[in-house]
Amino acid sequence: MPGEVTQLLAAVRQGDGSAMDRLMTLVYDELRAVARRQLRRWHPGQTLDTTALVHETYLRLVDQAGASWRDRVHFLSVAGVAMRHILVDAARRRVAKKRGGEGLRITLDELQLDQRGMDASRQAVEILDLDEALTSLAARNERLSRLVELRFFAGLTEEETAQTLGTSERTVRRDWL
């Protein structure tokens, strides 16, 4: 499968209109696993579920279809980062609503507590805080920021992260700790 994914990525780069759909069919289960991890960590109290997150990610990736994704790992890392941005955008909308941005009332049902005892509005703020911290880290050390995106958001292994960053697993392990 990884070789087939790389071939489809090359076809996407060359403008094959159907290659992106075939690619998504091949990696759909992997993208669902990444989305599931993301939503388990950050369930921002919205209607976005695993399938919706994968489909929204697909739409964002289609917009970048000419991008030079090198291989399966690189593509999945880009997809994981796209999911992060989707969740951050959803959190921003939620915070804007809470602050009266759309004049929406929050019902008691919307304030369901998650397993950590945190309401959805607080989770949205945490997502935004994490995004701000990553942006700040990127300004100081782009590689470390990228490492966090790949490990935390894309769910890549140490080996896959090292491959994507062009560094050793030992460096990834040391930096992650």
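Heads up: the sequence shown begins at 1304 in this note's numbering, then just goes up one per residue.
Glycine included, every Cβ here is placed at the ideal spot set by N, Cα and C.
When C-alpha distances from Ala1399 are compared across Leu1431, Leu1326, Gly1320, Gly1469, the shortest belongs to Leu1431. The distance from the Cβ of Leu1433 to that of Ser1380 is about 18 Å, inconsistent with a contact at the 8 Å cut-off. Distance from the Cα of Leu1342 is smallest, within the candidate group Val1330, Leu1356, Asp1332, for Leu1356.
By the Cβ test, the segment 1367-1377 is not in contact with the segment 1386-1393, since fewer than three Cβ pairs between them sit closer than 8 Å. One Cα belongs to Leu1329, the other to Val1337, and the distance between them is close to 14 Å. With respect to Ala1393, Leu1351 sits close: the two C-beta atoms are nearer than 9 Å. Thr1353 sits close to Arg1339, with the two beta carbons spaced by under 9 Å. Between Leu1312 and Phe1378 a beta carbon distance of about 6 Å is seen, short of the 8 Å cut, so the two are scored as contacting. Around Thr1309, the same chain offers Asp1374 as residues with beta carbons nearer than 6 Å, after the five sequence neighbours per side are excluded. Here Ser1321 carries a coil assignment [DSSP, helix/strand/coil]. In the DSSP annotation of this structure, the continuous segment of the alpha helix (DSSP H) that includes Trp1479 starts and ends at 1472-1479. Per the coordinates, the alpha-carbon of Thr1360 lies some 28 Å from the alpha-carbon of Glu1472.
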